[in-house]
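Going from the sequence shown to our numbering is simple: count from 1 and add 488.
Even for Gly, the Cβ is constructed at its ideal location relative to N, Cα and C.
Here's the structure, in structure tokens; my notes come after.
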Amino acid sequence: MKKPRKFMFRSASKRPMSCREVGKWVHYYLDGELDEGRSARLAAHLEDCRRCGLEADTYQRVKAALAGRHSAVPAESLARLREFGARIARGDEPVDR
Ligand SMILES: [Zn+2]
């Protein structure tokens, strides 16, 4: 396992993080590579937003599977991740919170 690196990002604002931003940063967050301001806002969002919380869970499962054995990542989880990424890229904001 490589050591987590701290990335420096400019001016994390205080406004709540949107689902779109969470989609953008959650992987860094789960890898321990996000700065403190963003991590706190992201964590707060995950507490409120079931959908993003679920996404974070899925990512963690994929990571765990990758760490455990290099082959067997559930295809379903990968498909879900890809779908989520594509949705975020289109700019869809989930409305159910
Ligand atoms: Zn969300």
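Residue j beta carbon less than 8 Å from that of residue i
{"i": "L522", "j": "Y547", "result": "no"}
{"i": "R526", "j": "W513", "result": "yes"}
{"i": "G579", "j": "R508", "result": "yes"}
Extent of the continuous alpha helix (DSSP H) run through residue i
{"i": "S565", "result": "563-578"}
{"i": "R503", "result": "Neither: R503 is in no alpha helix (DSSP H) and is coded neither H nor E."}
{"i": "E521", "result": "Looking at the DSSP string, E521 is not in any alpha helix (DSSP H), and its letter there is neither H nor E."}
{"i": "C537", "result": "Taken as a continuous stretch (DSSP letters only), C537 belongs to no alpha helix (DSSP H), as it is neither H nor E."}
From the options, residue whose alpha carbon lies closest to that of residue i
{"i": "S565", "options": "R526, I576, A553", "result": "A553"}
{"i": "G541", "options": "D580, S506, G579", "result": "S506"}
{"i": "R549", "options": "A563, C537, D536", "result": "A563"}
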